[in-house]
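For the sequence shown, position 95 (counting from the first letter as 1) is numbered 122 according to the working numbering, and the numbering increases by one without interruption.
All residues carry an ideal CB built from backbone N, CA and C; glycine is no exception.
Note that the structure is a prediction, hence the values are computed from the model and not measured.
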Amino acid sequence: MPLCSRATFVLIGSGLQGSIGPVLGSAYTPGLTVSPDIVVRRTRRLPIKGEVLVKAGETVGPDQVVARATLPGVLQTIKLAERLGVDPKDAPGQFQLPMGSQVTQGQTVAETKGFLGFFKSTVESEYTGTLESISDVTGNVLVREPGIPVDVDAYVQGRVADVIPSEGIIVETRCAMIQGIFGVGGERRGRIRVAVSSPENPLTAADIKDTDK
């Protein structure tokens, strides 16, 4: 049976049932859930609108990506007029690429005509991304860097109880649950292993295996 928790715990004892019995029940603040058998629902939601990759009723694993979105990339500025040494209103006429096209770092994006073909000034893009706009007031070009992918996983093994269109899912699982007061380090997942043969046995460094890390 999966273990659902909001904090990370090491369970020591002869079995899960015994580990979350009277000892743990008396060790935690009243009101926190400690149960060997409970149905839990968790909402898994994207920070922005995106795509839900699973359907209601599907079985999902804890590491399975269930929703995906792309955060807008950082908007960067190329000071075109300043680098060409021209008035801002003349900068668009020196630009060589249409807005909306892709540009790579180091690619030439503008060039002055110079004098008799000599003394030309060129500008290379400092960024990789999409050309968004050019201003004849400031003489600046805006480049949108590639978007940042955001994946949301199921977090627990269970069934998709409901789908939130374009946002995420509600996953339901039947599990044992120990609700902690607080958690450190973000979401974690893994397998529970009984480290010692009896609750009375102390846990030593020798009981921790490389596979536990």
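Asked, Found
"Neighbour-count burial assignment, T135, 16 or more Cβ in a 10 Å radius", "exposed"
"R186 vs T86 beta-carbon contact at 8 Å", "yes"
"Local Cβ density within 10 Å of G52, reported as buried at 16 or more and exposed below that", "Because G52 carries a pLDDT of 41, less than 50, the predicted location of this residue cannot be relied on, and no value is offered for it."
"Neighbourhood of L102 by C-beta, 8 Å cutoff - its chain only, sequence neighbours within 5 removed", "E159, L169, V170, R171, E172"
"Assumed close pair V15, R220 - CB separation to whole angstroms, cut-off 8 Å", "A question about residue 15 goes unanswered here, because the residues of the chain that appear run from 28 up to 240."
"Cβ neighbours of G88 in the same chain (closer than 7 Å, five flanking residues each side left out)", "A181, Q184"
"Every unbroken alpha helix (DSSP H) inside the region 97-161 [4 residues or more]", "107-111, 118-121"
"Separation of I175 from P63, as counted between CA atoms", "40 Å"
"Contacts around K82, its chain only, beta-carbon distance under 7 Å, and the 5 residues preceding and following it disregarded", "V187, V190"
"R69 beta carbon less than 8 Å from that of V198", "yes"
"For M126, the nearest candidate out of P115, T157, P99 (CA to CA)", "T157"
"Residues of its chain near V79, where Cβ-Cβ distance is below 6 Å and the 5 sequence neighbours each way are ignored", "A94, V190"
"Terminal residues of the beta strand (DSSP E) in which I65 lies", "61-72"
"Unbroken stretches of the beta strand (DSSP E), 3 residues or longer, contained in the region 155-237", "156-161, 168-171, 175-180, 185-191, 195-205"
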